[in-house]
Amino acid sequence: MPDWMQTIGKATPTYLTSHMINLAINNRPLPIHDMIGIVIWTIIVLALIVALMMLVKKSGESNDVQGTAE
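Residue numbering for the sequence shown follows our numbering, beginning at 189 and increasing consecutively.
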């Protein structure tokens, strides 16, 4: 696999979690950068969910206004 693809793959939450689990099983210290990476992914996903919910809510409100105007 190309180096750039490996770099991207190692930044995914599944890789970070798997890496931390393997280290924990082997009684090795957990790297703080893996934990920070998972926290960053969690914040990004939560922000996307909130933005999507706001978009859906706003879309629903505009549909209600259009429906009552007819």
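Even glycine gets a Cβ: it sits at the ideal position worked out from N, Cα and C.
Put residue i into one of helix, strand or coil per three-state DSSP.
i, result
"Leu211", "helix"
"Leu243", "helix"
"Leu218", "coil"
Please report the distance separating the alpha-carbon of residue i from that of residue j.
i, j, result
"Ala212", "Ile237", "30 Å"
"Asn251", "Val244", "10 Å"
"Ile220", "Glu249", "43 Å"
"Asn215", "Lys246", "49 Å"
"Ile228", "Met189", "26 Å"
"Thr200", "Leu218", "17 Å"
"Leu240", "Met223", "26 Å"
Taking 9 Å as the threshold (C-beta atoms), are residue j and residue i in contact?
i, j, result
"Ile231", "Met208", "no"
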